[in-house]
Amino acid sequence: MAKLVLHGPDYSTHVRTIRLCLHEKKIDYELKPLAILRGEGRTPEHLRLHPFGRVPVIEHDGFTLYETLAISHYIDDVFEGVKLQPADKKRLARMRQMISILDSYGHQPIVSTIVAARAEEALRGVPVNAERLAKAVPAARHCLAVIDRMIGEGPFATGNSLTLADLHLAPTVGFFARTPEGTRMLPNLPKLAGWWERMAVRPSVVATDPYAA
């Protein structure tokens, strides 16, 4: 099998989810950075890979695939190694539900609004739009509170073994935990906070941390 190629910047939560999958499955891959914020996603070359100009994209054995959920399932289905999707149908459904909740209700307020605003503030000195941030916080809190209630007694998001739910959730929570909003909110979400403490020291999470690059 040819080495898998992953296109996208290391700071993207979606790209990091795929990197986490690859690390957990112990798959050798090549990361091709893409300056998506500088318009490289709109080049003819990238649009041939992803017609919407987004990331991540993988190329593997002549097969091109985009969309994070499709890629993470493909990696788990095609490659040997630890299985990232539970055999139990109810746990599998819960895993899919948690990923869908995060994508549908969490990504916009948490990543696109709060994390993005704090990153712009820290890296470029761009003042935070306090009104926009204030509107995002309740939506972020509601989404994460729902996920907090879904986490059981096991060490992982859906039980006693690592699944794709953990790997989709970790990049978002990891970024959010570094913001003032996350610092204030997470202590009030004890299951989610405990889960993140365990995930934060996991080798795959440490190895893919864009702050450590």
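Note that UniProt numbering has the sequence shown beginning at 1, numbered continuously upward. All residues carry an ideal CB built from backbone N, CA and C; glycine is no exception.
If distances are taken between C-alpha atoms only, which option among the options comes closest to residue i?
i	options	result
alanine 145	Leu20, Pro51, Ile101 and Ala2	Ile101
aspartate 88	Pro155, Ile75 and Gly159	Gly159
tyrosine 105	Val78, Arg42 and Ala136	Ala136
proline 109	Val57, Glu67 and Gly182	Gly182
Have a look at residue i and residue j and give me their C-alpha separation to the nearest angstrom.
i	j	result
asparagine 129	alanine 117	8 Å
valine 15	leucine 186	24 Å
isoleucine 75	lysine 26	11 Å
phenylalanine 63	alanine 2	11 Å
arginine 141	glutamine 97	18 Å
leucine 49	glutamate 40	12 Å
histidine 107	proline 33	22 Å
isoleucine 36	proline 44	13 Å
serine 112	glutamate 120	11 Å
proline 138	leucine 6	34 Å
serine 161	proline 155	8 Å
lysine 83	serine 72	11 Å
glycine 81	valine 115	33 Å
leucine 20	arginine 184	27 Å
alanine 207	histidine 168	16 Å
leucine 47	tyrosine 66	11 Å
proline 171	asparagine 188	20 Å
aspartate 77	glutamate 131	44 Å
Using 10 angstroms around the beta-carbon of residue i, count the other beta-carbons present and answer buried if the total reaches 16, otherwise exposed.
i	result
proline 86	buried
alanine 157	buried
proline 203	exposed
valine 173	buried
phenylalanine 175	buried
phenylalanine 123	Residue identity differs from the one stated: residue 123 is leucine in this sequence, not phenylalanine. Exposed is the call here.
serine 12	buried
glycine 125	exposed
proline 9	buried
glutamate 153	exposed
Considering only DSSP beta bridges, list what residue i is partnered with.
i	result
histidine 7	Lys32 and Val57
glycine 159	Phe156
Determine, for residue i, whether the minimum Cβ-Cβ distance to residues of chain D falls below 7 Å.
i	result
lysine 135	You won't find chain D in this structure, because it holds only one protein chain.
Taking 7 Å as the threshold (C-beta atoms), are residue j and residue i in contact?
i	j	result
leucine 192	aspartate 148	yes
proline 56	isoleucine 99	no
isoleucine 151	tryptophan 196	no
alanine 165	methionine 95	yes
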